[in-house]
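Note that the protein sequences, when read in sequence, are chains A and B.
Per the working numbering, the very first residue in the first sequence carries number 1; after that it's consecutive.
Per the working numbering, the very first residue in the second sequence carries number 1; after that it's consecutive.
Yeah, the Cβ is synthetic: ideal placement off N, Cα and C, and Gly gets one too.
Predicted model only: the values in this text are computed from it and were never measured.
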Amino acid sequence: MIQLEGIRKSFGKQQVLGGINLTVQKGEVVVILGPSGSGKTTLLRCINYLERPDQGVIQIGNQKLEGKHPGRSEIHRLRQRTAMVFQQYNLFKHKTALENVMEGLTIVRGVPRDTAAEIGIEMLEKVGLGDRLHYYPSQLSGGQQQRVGIARALALNPEVILFDEPTSALDPELVGEVLEVIRRIAEEGITMIIVTHEMGFARDVASRVVFMDGGAIIEQGTPDDIFQRPREERTRQFLRRITPEANYSI
Amino acid sequence: MSFDPSFMWTAFLSLFKALPTTLFITIISVAAGLVIGTIVALARLYRIPVLSQLASAYVTFVRGTPMLMHLLLIYFGLPIIIDGIAGLVGSSFTSASIPLLAFACIAFSITAGAYMSEVVRAGILAVDKGQIEAAHAVGMTTPQALRRIVFPQALAVSLPNLSNSVIGMLHGSTLAYTISVIEINAQAQIVAADNWKYFEAYLAAALLFWGLTVLIERMSGWLEYRLNRFQRGGAA
Ligand SMILES: Nc1ncnc2c1ncn2[C@@H]1O[C@H](COP(=O)(O)OP(=O)(O)OP(=O)(O)O)[C@@H](O)[C@H]1O
Ligand SMILES: [Mg+2]
Numbered sequence: 001m002i003q004l005e006g007i008r009k010s011f012g013k014q015q016v017l018g019g020i021n022l023t024v025q026k027g028e029v030v031v032i033l034g035p036s037g038s039g040k041t042t043l044l045r046c047i048n049y050l051e052r053p054d055q056g057v058i059q060i061g062n063q064k065l066e067g068k069h070p071g072r073s074e075i076h077r078l079r080q081r082t083a084m085v086f087q088q089y090n091l092f093k094h095k096t097a098l099e100n101v102m103e104g105l106t107i108v109r110g111v112p113r114d115t116a117a118e119i120g121i122e123m124l125e126k127v128g129l130g131d132r133l134h135y136y137p138s139q140l141s142g143g144q145q146q147r148v149g150i151a152r153a154l155a156l157n158p159e160v161i162l163f164d165e166p167t168s169a170l171d172p173e174l175v176g177e178v179l180e181v182i183r184r185i186a187e188e189g190i191t192m193i194i195v196t197h198e199m200g201f202a203r204d205v206a207s208r209v210v211f212m213d214g215g216a217i218i219e220q221g222t223p224d225d226i227f228q229r230p231r232e233e234r235t236r237q238f239l240r241r242i243t244p245e246a247n248y249s250i
Numbered sequence: 001m002s003f004d005p006s007f008m009w010t011a012f013l014s015l016f017k018a019l020p021t022t023l024f025i026t027i028i029s030v031a032a033g034l035v036i037g038t039i040v041a042l043a044r045l046y047r048i049p050v051l052s053q054l055a056s057a058y059v060t061f062v063r064g065t066p067m068l069m070h071l072l073l074i075y076f077g078l079p080i081i082i083d084g085i086a087g088l089v090g091s092s093f094t095s096a097s098i099p100l101l102a103f104a105c106i107a108f109s110i111t112a113g114a115y116m117s118e119v120v121r122a123g124i125l126a127v128d129k130g131q132i133e134a135a136h137a138v139g140m141t142t143p144q145a146l147r148r149i150v151f152p153q154a155l156a157v158s159l160p161n162l163s164n165s166v167i168g169m170l171h172g173s174t175l176a177y178t179i180s181v182i183e184i185n186a187q188a189q190i191v192a193a194d195n196w197k198y199f200e201a202y203l204a205a206a207l208l209f210w211g212l213t214v215l216i217e218r219m220s221g222w223l224e225y226r227l228n229r230f231q232r233g234g235a236a
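Okay, structure coming up:
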């Protein structure tokens, strides 16, 4: 279980997160929606302390971190409970697909190389890249790179995988293959928090949808609650803006 | 006085005796310079209090003064410090027992450290920030991330600059003759003076340095090709 309490974060004078509370149960797939600049990325990055929150408590499993100044080793332990899939993939450029997936296992978890290679191959096969094990990122398409990114996250068997707009940097024709992979692993009961602008996908995959605006959670609920019966005006506005089909059908 | 090409061969043979000294000074100062340069670059990049200010002062001073001055300052200054300390602790050690070569190596390591810190810094800055974030996200500590992810990529991009630094130190090592270290340049002077054939001796020395420089460039080019395999794209 993941619990965020009163997470606040400012960059200089600009408040980006104004006291976020969010609980995610084991096995839940939480999709975070919201307009650009609403703080979605910042929130996700606070969960693994790539960004230090100014205030608040982050609890993952039985580990609790508070505010701005936890020790280095505490942050290090917290990060081992999480994995992240980045918008720009951020694969290790000088390592092959398989090495990318093995790296965390051998270096961080101390898994022996041959076991790590077995896990790596298994994960890459799972994302449909069993035939690209020894390719460097520069030799892979964006969609393939992102699937390696997902395999790298999966291999660590984390308590939660954080996805920050995993398909936003992709050419439209490559979006589908990545969403398909995420959809499949969602069915395996892995806890995930996903920031995305893909509404159809959000509706499909989410067990809960959270709508953020201006650094606050405006409302949350099942996909049906949010997409069919949004209670807040701001949510309605947002959905109107990003699902133009609704406008045409009038 | 006429040009005597046959003497160049004699000069070459004599210069080869000094080659190990030149290579030793170059290799030591480059290796130590790389270590110093990396520490200095990291102190500045991570803005470590006190250390980063000291590092900046070191870099501006060394880069703002001629390499010959570093050598002379160490040659004349270090004995004062060492003998002073030895006197304080009552040790019988004196600076006179330090070989001249050591002064050259220490001075040039200091020179190389400052120049190479800039090379290392540029190399690290050239690595995408997302790389270290991804390393942290998979649970690596900062030292692990630097060692496994950042440095290899930084090295690949800085090779041309590094090889320039190595060449600079190779050529700079000739200054060691001023404190009577017999490197290639000093050896050329000796063989020239013995035979009163300066041009031939220095020409031989110049050709030797040229050859060494080409060798360094070749090695660096080969390494660059190997280390950058990962970013060439195309099919595997
Ligand atoms: N490192 C930073 N320094 C200064 N300001 C930042 C930094 N990171 C984010 N911000 C600001 O914080 C606000 C929230 O940014 P964030 O990236 O979290 O938004 P987002 O909801 O992910 O937006 P998008 O949908 O465009 O990705 C923005 O106004 C942004 O300019
Ligand atoms: Mg974002």
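Name the chain B residues whose beta carbon is nearer than 7 angstroms to that of A:MET84?
On the first sequence, residue 84 of chain A is found 84 positions in, with the first residue counted as 1. Those within 7 angstroms of A:MET84 in chain B are ALA137.
Contact residues within the region 88-120 of chain B, judged by C-beta distance below 8 angstroms to chain A:
none
Is there a C-beta anywhere in chain B that falls below 8 angstroms from the one on A:GLN59?
Walking along the first sequence from the start, residue 59 of chain A turns up at place 59. Closer than 8 angstroms: no.
Give the C-beta separation of A:GLY104 and B:GLY33 to the nearest angstrom, bearing in mind that I take them to be a contact with Cβ-Cβ under 8 angstroms.
Numbered from its first residue, the first sequence carries residue 104 of chain A at position 104. Numbered from its first residue, the second sequence carries residue 33 of chain B at position 33. With a Cβ gap of about 33 angstroms, A:GLY104 and B:GLY33 do not count as contacting.
Would you mind working out which of B:VAL50, B:TYR58, B:PHE24, B:ILE25 sits nearest B:ILE36, comparing C-alpha positions?
Taking the first residue of the second sequence as 1, we reach residue 36 of chain B at position 36. It is B:TYR58 whose Cα lies nearest to the Cα of B:ILE36.
Would you tell me roughly how many angstroms separate the C-alpha atoms of A:GLN144 and A:ILE161, rounded to the nearest one?
Counting from 1 along the first sequence, the entry for residue 144 of chain A is found at position 144. Counting from 1 along the first sequence, the entry for residue 161 of chain A is found at position 161. A:GLN144 and A:ILE161: Cα-Cα distance of roughly 18 angstroms.
For ligand 1, I want to know if A:PHE238 counts as a neighbour, meaning its beta carbon is within less than 7 angstroms of at least one of the ligand's heavy atoms.
For the purposes of this step, residue 238 of chain A is identified with residue 238 of the first sequence, where counting begins at 1. No, since every heavy atom of ligand 1 falls outside the 7 angstroms radius drawn around the Cβ of A:PHE238.
A:GLU173 versus A:ASP164 - alpha carbon distance:
For the purposes of this step, residue 173 of chain A is taken as the residue at position 173 of the first sequence. For the purposes of this step, residue 164 of chain A is taken as the residue at position 164 of the first sequence. Rounded to the nearest angstrom, the two C-alpha atoms are 19 angstroms apart.
Exposed or buried, what is B:GLY77 when buried is set at 16 or more other beta-carbons lying within 10 Å of its beta-carbon?
Along the second sequence, one-based indexing puts residue 77 of chain B at 77. Classification for B:GLY77: exposed.
So B:GLN131 is in the alpha helix (DSSP H); what residue range does that whole segment cover?
Taking the second sequence and counting its residues from 1, the one referred to as residue 131 of chain B is at position 131. Unbroken alpha helix (DSSP H) run through B:GLN131: 129-137.
For ligand 2, is there any heavy atom lying closer than 7 angstroms to the beta carbon of A:VAL195?
Working through the first sequence from its first residue, we reach residue 195 of chain A at position 195. Yes, the beta carbon of A:VAL195 sits closer than 7 angstroms to at least one heavy atom of ligand 2.
Please return the same chain residues whose Cβ sits closer than 8 angstroms to the Cβ of B:PHE93, not counting the five positions on each side in sequence.
Here residue 93 of chain B is taken as the residue at index 93 of the second sequence, counted from 1. Excluding residues within five positions, the ones whose Cβ falls inside 8 angstroms are ILE82, ALA86.
Do B:MET169 and B:PHE108 have their C-beta atoms within less than 8 angstroms of each other?
Residue numbering aside, residue 169 of chain B sits at position 169 when the second sequence is read from its first letter. Residue numbering aside, residue 108 of chain B sits at position 108 when the second sequence is read from its first letter. Going by C-beta atoms, B:MET169 is nearer than 8 angstroms to B:PHE108.
CB A:VAL101 to CB A:ALA151, shorter than 8 angstroms?
Taking the first residue of the first sequence as 1, we reach residue 101 of chain A at position 101. Taking the first residue of the first sequence as 1, we reach residue 151 of chain A at position 151. Going by C-beta atoms, A:VAL101 is nearer than 8 angstroms to A:ALA151.
Check whether the Cβ of A:LYS40 lies closer than 7 angstroms to any heavy atom of ligand 1, and answer yes or no.
Residue numbering aside, residue 40 of chain A sits at position 40 when the first sequence is read from its first letter. Checking every heavy atom of ligand 1 against the Cβ of A:LYS40, one is found closer than 7 angstroms.
For B:LEU125, the nearest candidate out of B:ALA176, B:SER56, B:TYR46 (CA to CA)
Counting from one through the second sequence, the residue named residue 125 of chain B turns up at place 125. It is B:TYR46 whose Cα lies nearest to the Cα of B:LEU125.
Grab me the residues of A:GLU51's own chain with a C-beta within less than 8 angstroms of its C-beta, minus the 5 sequence neighbours each way, in chain order.
In the first sequence, the residue the question calls residue 51 of chain A occupies position 51. Around A:GLU51: LYS9, THR42, ARG45.
Span of the beta strand (DSSP E) around A:ASN21
What you label residue 21 of chain A is simply residue 21 of the first sequence in a count that begins at 1. Element bounds for A:ASN21: 14-24.
For A:VAL210, decide whether its Cβ has a neighbour in chain B, counting only Cβ atoms nearer than 8 angstroms.
Walking along the first sequence from the start, residue 210 of chain A turns up at place 210. A:VAL210 does not count as touching chain B.
Residues near B:LEU101 in its chain [Cβ-Cβ closer than 6 angstroms; skip 5 each side]:
Against the second sequence, residue 101 of chain B aligns to sequence position 101. Counting only Cβ-Cβ distances below 6 angstroms, and skipping sequence neighbours, we find VAL181.
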